[in-house]
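Protein chains in written order, with my numbering: chain L, 132 to 417; chain F, 132 to 417; chain R, 132 to 417; chain G, 132 to 417. Idealized CB from N, CA, C, for every residue including glycine. For reference, the structure is listed below as structure tokens.
Number of protein chains: 4
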Amino acid sequence: MKQKTAILLIHCPDQEGIVFSVTDFVSKNNGNILMLEQHVEEFEKHFFMRIEWELENFSIPREKISEFFGTLVGDRFGMKFSLKFNDFVPKIALFVSKYSHCFFDILSRYESGEWNIEIPIIISNHEKFNYVADRYKIPYHHIPITKQNKAEAEAKEIKLLKENNIDLVVLARYMQILTGNFINEYPNKIINIHHSSLPAFAGAKPYESAYKRGVKLIGATAHYVTEDLDAGPIISQEVRSVSHREGLADLKRKGKNTEKIVLAQAIWLHLNHKILSYKNRTVIFS
Amino acid sequence: MKQKTAILLIHCPDQEGIVFSVTDFVSKNNGNILMLEQHVEEFEKHFFMRIEWELENFSIPREKISEFFGTLVGDRFGMKFSLKFNDFVPKIALFVSKYSHCFFDILSRYESGEWNIEIPIIISNHEKFNYVADRYKIPYHHIPITKQNKAEAEAKEIKLLKENNIDLVVLARYMQILTGNFINEYPNKIINIHHSSLPAFAGAKPYESAYKRGVKLIGATAHYVTEDLDAGPIISQEVRSVSHREGLADLKRKGKNTEKIVLAQAIWLHLNHKILSYKNRTVIFS
Amino acid sequence: MKQKTAILLIHCPDQEGIVFSVTDFVSKNNGNILMLEQHVEEFEKHFFMRIEWELENFSIPREKISEFFGTLVGDRFGMKFSLKFNDFVPKIALFVSKYSHCFFDILSRYESGEWNIEIPIIISNHEKFNYVADRYKIPYHHIPITKQNKAEAEAKEIKLLKENNIDLVVLARYMQILTGNFINEYPNKIINIHHSSLPAFAGAKPYESAYKRGVKLIGATAHYVTEDLDAGPIISQEVRSVSHREGLADLKRKGKNTEKIVLAQAIWLHLNHKILSYKNRTVIFS
Amino acid sequence: MKQKTAILLIHCPDQEGIVFSVTDFVSKNNGNILMLEQHVEEFEKHFFMRIEWELENFSIPREKISEFFGTLVGDRFGMKFSLKFNDFVPKIALFVSKYSHCFFDILSRYESGEWNIEIPIIISNHEKFNYVADRYKIPYHHIPITKQNKAEAEAKEIKLLKENNIDLVVLARYMQILTGNFINEYPNKIINIHHSSLPAFAGAKPYESAYKRGVKLIGATAHYVTEDLDAGPIISQEVRSVSHREGLADLKRKGKNTEKIVLAQAIWLHLNHKILSYKNRTVIFS
Numbered sequence: 132m133k134q135k136t137a138i139l140l141i142h143c144p145d146q147e148g149i150v151f152s153v154t155d156f157v158s159k160n161n162g163n164i165l166m167l168e169q170h171v172e173e174f175e176k177h178f179f180m181r182i183e184w185e186l187e188n189f190s191i192p193r194e195k196i197s198e199f200f201g202t203l204v205g206d207r208f209g210m211k212f213s214l215k216f217n218d219f220v221p222k223i224a225l226f227v228s229k230y231s232h233c234f235f236d237i238l239s240r241y242e243s244g245e246w247n248i249e250i251p252i253i254i255s256n257h258e259k260f261n262y263v264a265d266r267y268k269i270p271y272h273h274i275p276i277t278k279q280n281k282a283e284a285e286a287k288e289i290k291l292l293k294e295n296n297i298d299l300v301v302l303a304r305y306m307q308i309l310t311g312n313f314i315n316e317y318p319n320k321i322i323n324i325h326h327s328s329l330p331a332f333a334g335a336k337p338y339e340s341a342y343k344r345g346v347k348l349i350g351a352t353a354h355y356v357t358e359d360l361d362a363g364p365i366i367s368q369e370v371r372s373v374s375h376r377e378g379l380a381d382l383k384r385k386g387k388n389t390e391k392i393v394l395a396q397a398i399w400l401h402l403n404h405k406i407l408s409y410k411n412r413t414v415i416f417s
Numbered sequence: 132m133k134q135k136t137a138i139l140l141i142h143c144p145d146q147e148g149i150v151f152s153v154t155d156f157v158s159k160n161n162g163n164i165l166m167l168e169q170h171v172e173e174f175e176k177h178f179f180m181r182i183e184w185e186l187e188n189f190s191i192p193r194e195k196i197s198e199f200f201g202t203l204v205g206d207r208f209g210m211k212f213s214l215k216f217n218d219f220v221p222k223i224a225l226f227v228s229k230y231s232h233c234f235f236d237i238l239s240r241y242e243s244g245e246w247n248i249e250i251p252i253i254i255s256n257h258e259k260f261n262y263v264a265d266r267y268k269i270p271y272h273h274i275p276i277t278k279q280n281k282a283e284a285e286a287k288e289i290k291l292l293k294e295n296n297i298d299l300v301v302l303a304r305y306m307q308i309l310t311g312n313f314i315n316e317y318p319n320k321i322i323n324i325h326h327s328s329l330p331a332f333a334g335a336k337p338y339e340s341a342y343k344r345g346v347k348l349i350g351a352t353a354h355y356v357t358e359d360l361d362a363g364p365i366i367s368q369e370v371r372s373v374s375h376r377e378g379l380a381d382l383k384r385k386g387k388n389t390e391k392i393v394l395a396q397a398i399w400l401h402l403n404h405k406i407l408s409y410k411n412r413t414v415i416f417s
Numbered sequence: 132m133k134q135k136t137a138i139l140l141i142h143c144p145d146q147e148g149i150v151f152s153v154t155d156f157v158s159k160n161n162g163n164i165l166m167l168e169q170h171v172e173e174f175e176k177h178f179f180m181r182i183e184w185e186l187e188n189f190s191i192p193r194e195k196i197s198e199f200f201g202t203l204v205g206d207r208f209g210m211k212f213s214l215k216f217n218d219f220v221p222k223i224a225l226f227v228s229k230y231s232h233c234f235f236d237i238l239s240r241y242e243s244g245e246w247n248i249e250i251p252i253i254i255s256n257h258e259k260f261n262y263v264a265d266r267y268k269i270p271y272h273h274i275p276i277t278k279q280n281k282a283e284a285e286a287k288e289i290k291l292l293k294e295n296n297i298d299l300v301v302l303a304r305y306m307q308i309l310t311g312n313f314i315n316e317y318p319n320k321i322i323n324i325h326h327s328s329l330p331a332f333a334g335a336k337p338y339e340s341a342y343k344r345g346v347k348l349i350g351a352t353a354h355y356v357t358e359d360l361d362a363g364p365i366i367s368q369e370v371r372s373v374s375h376r377e378g379l380a381d382l383k384r385k386g387k388n389t390e391k392i393v394l395a396q397a398i399w400l401h402l403n404h405k406i407l408s409y410k411n412r413t414v415i416f417s
Numbered sequence: 132m133k134q135k136t137a138i139l140l141i142h143c144p145d146q147e148g149i150v151f152s153v154t155d156f157v158s159k160n161n162g163n164i165l166m167l168e169q170h171v172e173e174f175e176k177h178f179f180m181r182i183e184w185e186l187e188n189f190s191i192p193r194e195k196i197s198e199f200f201g202t203l204v205g206d207r208f209g210m211k212f213s214l215k216f217n218d219f220v221p222k223i224a225l226f227v228s229k230y231s232h233c234f235f236d237i238l239s240r241y242e243s244g245e246w247n248i249e250i251p252i253i254i255s256n257h258e259k260f261n262y263v264a265d266r267y268k269i270p271y272h273h274i275p276i277t278k279q280n281k282a283e284a285e286a287k288e289i290k291l292l293k294e295n296n297i298d299l300v301v302l303a304r305y306m307q308i309l310t311g312n313f314i315n316e317y318p319n320k321i322i323n324i325h326h327s328s329l330p331a332f333a334g335a336k337p338y339e340s341a342y343k344r345g346v347k348l349i350g351a352t353a354h355y356v357t358e359d360l361d362a363g364p365i366i367s368q369e370v371r372s373v374s375h376r377e378g379l380a381d382l383k384r385k386g387k388n389t390e391k392i393v394l395a396q397a398i399w400l401h402l403n404h405k406i407l408s409y410k411n412r413t414v415i416f417s
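Written out as structure tokens, the structure reads:
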């Protein structure tokens with residue numbers, strides 16, 4: 132059985148003694164450190180850290196760690212920190228429209244137990260994949276979106292997310308733009324896959340634009356959703372080369388492969404508490 | 132010794148019988164075809180072809196091939212075509228400013244005989260690399276550029292290119308924008324290296340912008356220069372992944388490696404007559 | 132609707148006039164050539180070609196093309212050729228053991244209509260995925276393999292393949308070694324995915340070996356199965372970089388992503404008649 | 132001006148309190164930690180760490196740090212550790228035979244000041260590049276190697292390395308196998324570039340073997356030299372895809388590009404004290 136661990140993600144302005152104070156806190160309380168990564172950003176002199184330690188024998192009870200750490204260490208350095216546990220099973224809401232490749236890929240990983248997650252709801256603006264949700268016995272909510280009903284539809288969605296205690300929203304090629312109202316309910320908790328290597332070809336029809344521009348690389352980008360369209364913190368990116376012999380259909384076919392791998396990689400990083408967002412960028416402790 | 136070959140690069144609206152007519156022309160005149168690649172672009176139904184055959188035993192003399200092909204085949208299909216010979220030794224003018232990595236890399240390939248080229252002149256807006264040109268006994272023309280003297284300086288450069296019968300201009304991180312006047316003298320004969328994966332981060336300071344945006348891939352793009360800045364036909368592109376631990380200096384260091392490889396690859400493709408430009412895109416017969 | 136096309140894959144010792152004769156055959160009979168690729172291997176002077184043309188207006192009926200081509204062109208040059216049609220719907224037999232990632236990925240592509248195929252049977256040495264086959268209403272044959280029953284089990288499998296007119300066998304991480312007897316029934320018609328960048332780490336436990344050797348790249352290879360274990364003609368390969376921070380479980384997780392993409396790519400190439408096998412190597416007309 | 136830093140590379144069996152003790156040592160003595168990376172290998176439970184801190188204000192003088200750290204921390208945990216300083220300028224001996232691409236690339240980086248190094252000697256078994264060494268005013272030692280004189284020749288080489296206080300030996304496509312006698316003088320201080328993606332195609336003529344095997348990826352590997360040919364700890368690897376249209380000359384041309392980048396990357400990692408070797412593997416703190 133896998134050992135239980137606690138993870139702290141920390142950032143603050145750089146000051147002397149931070150690493151020492153954090154490791155002192157863990158060690159003094161009998162926590163065995165398994166992994167520590169830390170660095171200082173060069174321009175802003177901002178400090179970033181991820182530390183993971185074994186909970187067995189740790190003398191502070193789980194539910195008190197955050198309070199103790201804040202009082203004894205965090206407040207002193209003006210830290211923003213979040214505490215995670217590796218045995219936490221997050222609840223994911225899956226949003227999908229009409230493309231199946233990312234959707235099927237995520238469900239396959241879920242089914243095979245590759246990720247330790249729950250998927251309490253699937254939400255779609257189309258009926259199309261209701262039968263797929265049935266296979267997995269996951270409630271499927273068909274919420275059509277029109278210009279007129281958008282506010283109302285999103286309110287319905289948010290209500291569902293709240294009722295199901297959703298921790299992470301995954302947009303698996305969900306072809307609707309979320310409003311700021313929705314996004315602000317889940318900061319750094321909505322992952323989208325965009326089918327280009329951002330910032331190139333943001334917005335609609337990136338494959339068509341890439342084909343027209345004659346690029347030699349086709350990419351995909353997973354990012355946290357912010358109010359600026361396709362401009363949120365980038366989590367993962369990959370590209371594949373394309374040749375002149377490859378038509379638009381080939382670009383889309385190859386792109387789909389990249390999309391599903393990149394999205395899955397981003398979800399994995401999020402689930403394993405490897406991402407720290409700061410000022411529209413991410414630090415990835417991979 | 133390498134066999135001598137002729138290469139035809141052809142494009143025209145698709146019609147029946149083109150491939151047959153071209154291969155008929157070559158075969159009837161005793162040319163042994165070594166390589167043929169052909170395809171039709173899906174949206175415009177435009178036909179592209181590259182064919183290479185042995186000159187030994189070919190019954191039409193070199194200097195007459197273009198005329199004969201035009202009359203017997205090209206005109207009939209409304210083709211744009213260009214005829215090349217694999218034993219042609221092109222004359223390259225090297226433009227450089229203050230960065231050495233692409234400049235040194237090209238000179239190293241030249242010195243080792245990797246490319247069958249001549250470099251009759253090096254042009255720079257700085258004195259810096261005069262001593263390097265001396266090593267290779269290549270005339271080094273220091274032509275400073277200011278807002279005021281730009282037209283005059285370019286006139287001087289064009290005169291030098293003409294006098295030296297230059298076939299290809301390579302901008303090895305030459306940090307000046309050429310005017311339309313200059314560019315129009317050498318259509319599809321000026322190759323530039325831009326230090327980003329275009330169309331992302333066109334213009335100045337791409338590494339700084341990439342760092343700020345937090346991308347996970349750093350790239351370089353070699354392209355033919357057109358009047359639209361960094362928007363000409365793309366020849367080759369590559370990217371490398373970067374992590375949060377890597378600062379701006381690391382991005383630049385990694386990027387330089389990518390730049391020199393991508394630029395060399397583009398030059399190689401041009402030298403080997405593998406590139407066909409059409410409507411701001413390239414067909415690469417690699 | 133997509134136009135119907137015929138595809139010829141050809142190889143033979145290089146001789147003068149081959150390209151001309153083939154295009155003459157197609158053009159004289161009113162076939163519009165859509166794509167042609169041809170080259171000559173440098174050491175053996177062996178000729179390889181793929182040509183695709185529209186069937187509409189082609190004056191030779193489908194079922195006669197092969198005979199006519201053989202008589203009029205093929206025999207003269209001593210060609211080995213195979214004729215394919217782009218509207219052919221191949222029948223695939225899927226073999227699987229206990230790993231789901233490639234298996235689910237293929238079924239997802241099948242379900243979404245990404246590939247124009249039929250999957251008449253799934254064969255496994257385990258019961259595990261019977262319920263998955265049920266979803267797709269594909270007969271699932273559980274054929275356990277032991278040292279003792281191998282010959283008998285394979286005979287049963289071959290009988291099933293024959294009865295179902297199987298065109299292609301896909302080993303989706305099927306953890307059994309096929310005997311020569313089986314393989315010889317389906318030359319260049321069995322695709323396997325091996326979880327390393329062959330020829331490195333052939334045989335069992337490649338991830339364990341890669342971890343132990345400390346390689347910085349983890350790959351996967353799809354190949355046609357021959358009697359030499361993991362030594363058949365390579366169709367496609369990809370790698371991903373791994374770091375020291377990544378344990379064996381990470382290698383396997385990343386590797387699975389690579390495996391499913393590489394296997395799918397190989398199947399796509401096979402389905403689109405882009406592969407020509409010659410002397411344990413493949414020519415990929417991609 | 133760049134701040135001066137000290138770097139500790141540490142490994143030992145995992146025990147409680149290591150990170151705390153190390154950071155305590157640094158912090159108590161007024162060292163500001165800039166970067167810390169640490170992890171525990173999963174199978175052997177072996178602990179690895181790299182820590183870098185500012186020397187300004189550090190209360191222990193440079194020349195005493197190693198002694199103090201050993202006594203106060205290292206000995207207690209049975210650590211193997213090495214202390215480095217970022218302002219150290221290492222002396223590199225360059226070995227070359229007849230291929231110029233890596234050799235020219237390294238000299239270009241040296242000339243441009245990309246690396247903060249000295250190159251006191253170049254050693255070659257051929258006269259060929261004497262004139263290049265002259266350019267850089269680096270003594271060039273032509274030491275021919277035959278079966279008969281190998282021991283004697285190596286003795287001469289080792290003497291030269293010692294006299295010049297060489298810190299790192301770089302084999303820039305040096306086509307001679309070093310004996311154990313030589314290698315043992317410079318453990319983890321000899322970097323070789325092998326022109327394949329090891330462990331595939333170790334030994335002679337890897338491009339020929341790769342071509343014959345029909346692989347779709349061509350790679351290069353930089354590694355520390357050990358007595359087992361091409362089997363030392365791998366530092367960096369990259370691959371490039373190749374197609375059927377590419378002959379042996381293309382593989383070599385593409386491969387050379389990969390070789391020089393991979394070798395340069397390995398040298399950079401070594402120069403920046405980012406490599407820790409353990410049991411024939413490397414930990415790369417990149």
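- Bounds of any beta strand (DSSP E) do not take in L309/F, whose DSSP letter is neither H nor E.
- Its chain contains W184, E185 as the residues whose beta carbon lies nearer than 7 Å to that of N163/L, once the 5 sequence neighbours on both sides are disregarded; these appear in chain order.
- Taking a cut-off of 8 Å on C-beta distances, the stretch 165–182 of chain R touches the stretch 133–152 of chain R, as three or more cross pairs fall below it.
- Nearest neighbour of F219/L by Cα position, chosen from F234/L, H404/L, I141/L, R412/L, turns out to be H404/L.
- For the stretch 135–223 of chain F, the full-length beta strand (DSSP E) segments reaching 3 residues or more read 136–144, 164–171, 177–185, 211–216 along the chain.
- Counting along the chain, E369/L sits inside the beta strand (DSSP E) bounded by residues 365–372.
- The beta carbon of G205/G sits closer than 6 Å to those of F212, all from its chain and outside the five residues before and after it, given in chain order.
- Against chain F, the CB of G334/L has no partner CB under 7 Å away; the residue lies outside that interface.
- In this model, F174/G and G209/G are separated by some 19 Å (Cα to Cα).
- The Cβ atoms of L407/G and L238/G lie no closer than 7 Å to each other.
- In the three-state scheme derived from DSSP, where H, G and I count as helix and E and B as strand, H404/G is classed as coil.
- Residues of the stretch 341–364 of chain G that bring their beta carbon within less than 7 Å of a beta carbon in chain R comprise R344, G345, V346, K347, L348, P364, in sequence order.
- For the stretch 264–306 of chain R, the continuous alpha helix (DSSP H) assignments of 4+ residues that do not extend past its boundaries occur at 281–294, in sequence order.
- DSSP lists S408/R as the bridge partner or partners of T413/R.
- Of all alpha-carbon atoms in N261/R, F216/R, Q396/R, the one lying nearest the alpha-carbon of V227/R is that of N261/R.
- Secondary structure of A333/F (DSSP, three-state): coil.
- Comparing alpha carbon positions, the residue from K278/R, E249/R, R304/R closest to S255/R is R304/R.
- Taken through DSSP and simplified to helix, strand or coil, T357/G comes out as coil.
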